[in-house]
Amino acid sequence: MTATESQPSTDGWDMNHAGDAQWVPWGATGDARAKILGSADGYQVVLVEADAGYRGTPHAHAYAEFFYLVDGRIRNQGEALDAGDGYAAAAGSTHEDFEALAPSTYLSIFRI
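Right, dumping it as structure tokens:
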């Protein structure tokens, strides 16, 4: 950028560098951890690392949830997903089955 060009606005943006974000415990069993990479309008972008055997707690989705498996293998609602796979869960859907079948890294985008 030249001296006469202005920087794009970051108003309304929540950008975080993964190296600066702190890991926090994820789930009820202590075998996963997460970094919040951004928040806006009640939604969060979360990077999760889960050990093999990690199981999500059954719940209903009040809002849509989006998921992308970066690395590993998980089972979601009875279906095995591999690195590069993802899903979108509609508001009102129930999440009854989620397990890391191998050490896994994924992005989850959801509203709290």
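Residue numbers (our numbering): 950 to 1061.
Beta carbons are placed, not taken as given, at the ideal position from N, Cα and C, and that holds for glycine.
Everything numeric in this text was worked out from a predicted model, so none of it was measured.
Apart from sequence neighbours up to five positions away, the residues of its chain that approach Gly-991 with a beta-carbon distance below 6 angstroms are Arg-1060, ordered along the chain.
The Cβ-Cβ distance between Ala-981 and Val-973 does not fall below 8 angstroms. In this structure the region 1006-1016 touches the region 1035-1047; the number of beta carbon pairs closer than 8 angstroms is three or more. Measuring C-alpha to C-alpha distances from Thr-1043 to each of Tyr-1055, Gly-1027, Leu-996 identifies Gly-1027 as the nearest. For Gly-987, the secondary structure class from DSSP, reduced to helix, strand or coil, is strand. Distance from the Cα of Pro-1052 is smallest, within the candidate group Ile-1023, Asp-1046, Ala-1029, for Ile-1023.
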